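Residue 98 in the numbering used here sits at position 40 of the sequence shown, with consecutive numbering throughout.
Everything on this sheet refers to the single structure shown next.
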Amino acid sequence: MSRPSADLREGVLQDIAIGSAPMTRAGAMLGRSREALLDLAAASERELGPEVLRLRTLAGERYVSLPSAAAATWARRFYDRVGAAREAA
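Now the structure itself:
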């Protein structure tokens with residue numbers, strides 16, 4: 059997904075339509091249908107929480123909504139989850 063840099067400020071909500079070309083290509087790369095992508099997005103929302111990933115319906119179209127974040131923010135979230143998983147194990 060390509061966005062102008064002004065749209066990539068921390069916390070700006072990015073909506074990606076499930077039926078859009080980027081999602082269709084992502085589904086093809088992962089070997090998943092549109093419905094399988096919806097299931098994956100719903101499972102991700104449950105695991106990560108709606109503040110990280112949200113599946114929503116707008117005007118009859120399904121969207122994956124992600125708040126934009128700096129690379130350091132995404133890395134911190136990832137390593138926090140890995141650390142929590144190791145502590146739980």
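Beta carbons are placed, not taken as given, at the ideal position from N, Cα and C, and that holds for glycine.
Keep in mind it's a predicted model, so treat the numbers as computed, not measured.
- Residue nearest to I74 within the set R90, Y137, E68, L95 is L95 (criterion: CA-CA distance).
- Taking a contact as a CB-CB distance under 8 Å, the pair A99 and L113 counts as one, their CB atoms being some 5 Å apart.
- Secondary-structure assignment with DSSP links V122 through a beta bridge to I74, L113.
- Relative to the Cα of S78, the nearest Cα in the group G141, E119, P125 belongs to E119.
- CA-CA distance, P125 to A147, rounds to 30 Å.
- Sequence-distant partners of E103 (beyond 5 residues in either direction) whose C-beta falls short of 7 Å from its own C-beta, in its chain, are L111, R112, L113.
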